[in-house]
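Novice: In this note's numbering, the protein residues as written are 582 to 1069.
C-beta: ideal position from N, C-alpha, C; glycine also.
These figures come from a predicted structure and were not determined experimentally.
Once you've had a glance at the structure underneath, I'll fire off some questions.
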């Protein structure tokens, strides 16, 4: 049964649902505008507006809460109705979400906006705390991140674009994975045609970029696991990039090398030869038992060997990803992973909190994982303290729905090794052109308007409907014309 949510006098579906998910994760809701006899329901959420009069009533877990408020203006109604729901569910469940009522994925952006508007940090923190009821610990993290971001945001070239290249294949699918990725076993026969179409799309995008006299600022190869394909196929794609764009203007060239079971010295040499200067080698955990449990076919030792090989070849900017909250991983195990990553001394370490998506196999038991079975808050707190003590500063941060304990994902780096691309994609102030299956293009016009175009999700669809997809590139050209002719 879906939990009923009754909206009366309003259509605040998105935000009401987002607040409800803070307390009732991995749940589906049944929205209705018909207020029937709610007394006959075992559980429900009711959110009512009558002009400026607001009321929320919640029946859940055998308890009942009702709160009301009179807003000062129509503009306040949505936020204040969500606040009433927040406090009702907080009382019923005993859960205190650390980011408070802030449900958006970019909390740092609000901190940056306040600081750049001239508010001192104490005043800015007070404003966010009063509006969103964020805990002091998370406020400090947001503002630490904002301080590290601002110097880079001031250097954004808004007349340039970034390029994202998708290689949506993996050797196996991890149990927590939410990406549209495909195992090599099931998609092997598609890869040659996929590489051919991807190279064609890269050339088409480059023509549009060149026609409008636009520079490419950063490049990011992501997935999936881009190193799932062969060294020769990687070379074909990267050679196409080098022939299609002026790499002399590139400030950062990222390649998500990813899993140790796909990384070879040959592939790393190709990646370096064709210009990538920042790579990610992602252990997720250094606990071999947990690696098996999530479906990985490599060991912690394999990750360390891949890292050492990358250093031998000459990579001087390496990122490592860790995940807090993997199935059955204890706080002590996660802390060991943090300590091991620090001992290897990569230039950046990204700490994700486990997020359950409906496409991931863990979602079926999502409520169990999202109930903080292994004290994931302790894991995240440890990573913040230990990384910052060792010279890794937070420089980008984002949040997702259905994240354990409503926590966050944070990128930490040594000074001077912050990733431009990661900041750009969170700040949404530079156009990012996506190539490949499931890639998303984010068009940012000079007046700040944002629109998105998404390629087909699945490789077979991307290949079979490629010509049809390429006909939709007109909007990209129009956006780049506006950028080129603007006074940015």
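Could you tell me the distance, in whole angstroms, from the CA atom of residue 604 to the CA atom of residue 989?
Specialist: 16 Å
Novice: Would you list the one or two residues that DSSP bridges to residue 718?
Specialist: Residue 718 pairs with nothing; no bridge assigned.
Novice: Do three or more CB pairs link the region 680 to 698 to the region 1005 to 1020 at distances below 8 Å?
Specialist: Touching, yes, given that three or more Cβ pairs across the two stretches are closer than 8 Å.
Novice: Check whether the region 912 to 926 and the region 956 to 963 are in contact - that is, three or more C-beta pairs closer than 8 Å.
Specialist: yes
Novice: Mind checking residue 583: buried by the 16 CB within 10 Å criterion, or exposed?
Specialist: exposed
Novice: Could you round the C-beta distance between residue 588 and residue 628 to whole angstroms and report it? I think they count as a contact, below 8 Å.
Specialist: 6 Å
Novice: Determine the burial state of residue 1017: buried for a count of at least 16 other Cβ atoms within 10 Å of its Cβ, exposed for fewer.
Specialist: buried
Novice: State the DSSP-derived secondary structure class of residue 738, mapped to helix, strand or coil.
Specialist: coil
Novice: So what's residue 796 in DSSP terms, helix, strand or just coil?
Specialist: strand
Novice: Evaluate contact between the region 851 to 865 and the region 895 to 911, counting only Cβ atoms and requiring at least three cross-stretch pairs below 8 Å.
Specialist: In the pairwise beta carbon analysis, the region 851 to 865 is classified as touching the region 895 to 911: at least three pairs are separated by under 8 Å.
Novice: Report the CB separation of residue 1111 from residue 795 in whole angstroms; it is logged as a contact under 8 Å.
Specialist: Any property of residue 1111 remains undetermined from this structure, which presents the chain solely from 582 to 1069.
Novice: Within the chosen definition, does the region 928 to 937 reach the region 885 to 901 through at least 3 CB pairs nearer than 8 Å?
Specialist: yes
Novice: Residues in the same chain with beta-carbon distance under 7 Å from residue 869, minus the five sequence neighbours each way, listed in chain order, please.
Specialist: So the qualifying residues of the chain are 880, 881.
Novice: If contacts are defined as beta-carbon pairs under 8 Å, then residue 600 and residue 684 qualify, I think. What distance do you get, rounded to the angstrom?
Specialist: 6 Å
Novice: Throw me the rounded Cβ distance for the residue 839 and residue 890 pair, which I believe falls under 8 Å.
Specialist: Not confirmed; about 14 Å, so no contact.
Novice: Exposed or buried, what is residue 986 when buried is set at 16 or more other beta-carbons lying within 10 Å of its beta-carbon?
Specialist: buried
Novice: I want to know whether the region 1057 to 1067 touches the region 1026 to 1034 - three or more CB-CB distances under 8 Å.
Specialist: yes
Novice: Could you tell me which of 1023, 964, 637 sits nearest to residue 619, measuring between CA atoms?
Specialist: 637
Novice: When DSSP labels each residue in this structure, what does residue 671 get in the three-state scheme?
Specialist: It is helical.
Novice: Pull up the distance between the alpha-carbon of residue 1032 and that of residue 656, whole angstroms please.
Specialist: 25 Å
Novice: Beta-carbon separation of residue 753 and residue 832 under 8 Å?
Specialist: Annotated as distal: residue 753 and residue 832, with beta-carbon spacing of 8 Å or more.
Novice: Alpha carbons only, please: which of 823, 857, 841, 848 is nearest the one belonging to residue 835?
Specialist: 857
Novice: Three-state secondary structure (DSSP) at residue 970?
Specialist: helix
Novice: Check whether the region 703 to 722 and the region 773 to 784 are in contact - that is, three or more C-beta pairs closer than 8 Å.
Specialist: no
Novice: How big is the Cα-Cα spacing for residue 837 and residue 983?
Specialist: 24 Å
Novice: As an exercise, report each continuous alpha helix (DSSP H) stretch of at least 4 residues that is fully enclosed by the region 772 to 832, in chain order.
Specialist: Qualifying alpha helix (DSSP H) stretches, in chain order: 772 to 792, 812 to 825.
Novice: Quick one: using the 10 Å Cβ neighbour count with 16 as the cut-off for buried, is residue 1061 buried or exposed?
Specialist: buried
Novice: Using a Cβ distance threshold of 8 Å, determine whether the region 962 to 980 contacts the region 991 to 1002, with at least three qualifying pairs required.
Specialist: yes
Novice: At the 8 Å Cβ level, is residue 1006 part of the contact set with chain D, yes or no?
Specialist: Of the chains in the structure shown, none is chain D; there is only one protein chain.
Novice: The alpha helix (DSSP H) that contains residue 1050, what's its start and end?
Specialist: 1047 to 1051
Novice: Which same chain residues end up closer than 6 Å to residue 908 when comparing Cβ atoms and leaving out the 5 residues on each side of it in sequence?
Specialist: Cβ neighbours of residue 908 beyond the five flanking positions: 874.
Novice: Identify every residue that forms a DSSP beta bridge with residue 638.
Specialist: 627, 647
Novice: Which residues in the same chain as residue 804 place their Cβ atom closer than 8 Å to its Cβ, once the five residues preceding and following it in sequence are excluded?
Specialist: 747, 748, 749, 750, 751, 760, 762, 837, 839
Novice: What number of angstroms, rounded off, separates the C-alpha of residue 910 from the C-alpha of residue 718?
Specialist: 24 Å
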